[in-house]
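The structure appears below as structure tokens.
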Amino acid sequence: MPPLLDADDPDSLDIVCDVILVDWFNAGVDTFDIRDFREEMELHYREMGRLVPAEIADPQKLVPTLRLLQARMHIVKPTRITGIEWQFLRNGNGD
Numbered sequence: 000m001p002p003l004l005d006a007d008d009p010d011s012l013d014i015v016c017d018v019i020l021v022d023w024f025n026a027g028v029d030t031f032d033i034r035d036f037r038e039e040m041e042l043h044y045r046e047m048g049r050l051v052p053a054e055i056a057d058p059q060k061l062v063p064t065l066r067l068l069q070a071r072m073h074i075v076k077p078t079r080i081t082g083i084e085w086q087f088l089r090n091g092n093g094d
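Once you know that position 60 of the sequence shown is 59 in numbering that gives the first Met the number 0, the rest is easy, because the numbers rise by one and skip nothing.
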């Protein structure tokens, strides 16, 4: 049986991003730091035994992670203009 997620798939970053967001949402997480989110994505790739995609490999470069989150503004939003802290949109807090 093939793996559920092919880390070499060009869409794997989007898939890993969605998996983490669903996990965190279901765990009751309300807010999170983009740096922790990037680190969690990196961990998923390492646990699969794959190289971490260059887009998220450098913890100093958060723009690719920011773009992944910005593409999901229907479920998360930044709490500050810096885009460092994010929150899930639940119970009508979508403003």
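The beta carbon of each residue, even a glycine, is placed where N, CA and C say it ideally should be.
Backbone CA spacing between residue i and residue j [nearest angstrom]
i     : j     : result
Lys60 : Asn90 : 32 Å
Gly27 : Asp35 : 16 Å
Ile55 : Trp85 : 17 Å
Ile33 : Leu50 : 20 Å
Leu67 : Thr78 : 16 Å
Ile80 : Thr64 : 15 Å
Beta strand (DSSP E) segment containing residue i, residue limits
i     : result
Asp32 : Thr30 to Asp32
Residue interval of the alpha helix (DSSP H) (run including residue i)
i     : result
Leu12 : Ser11 to Asn25
Inter-stretch contact (C-beta, 8 Å, three-pair minimum) for the region 8-26 and the region 36-54: yes
The region 73-81 in contact with the region 17-37 per 3-pair CB rule at 8 Å: yes
Uninterrupted beta strand (DSSP E) stretches inside the region 63-89 (no shorter than 3 residues): 75-77 and 84-87
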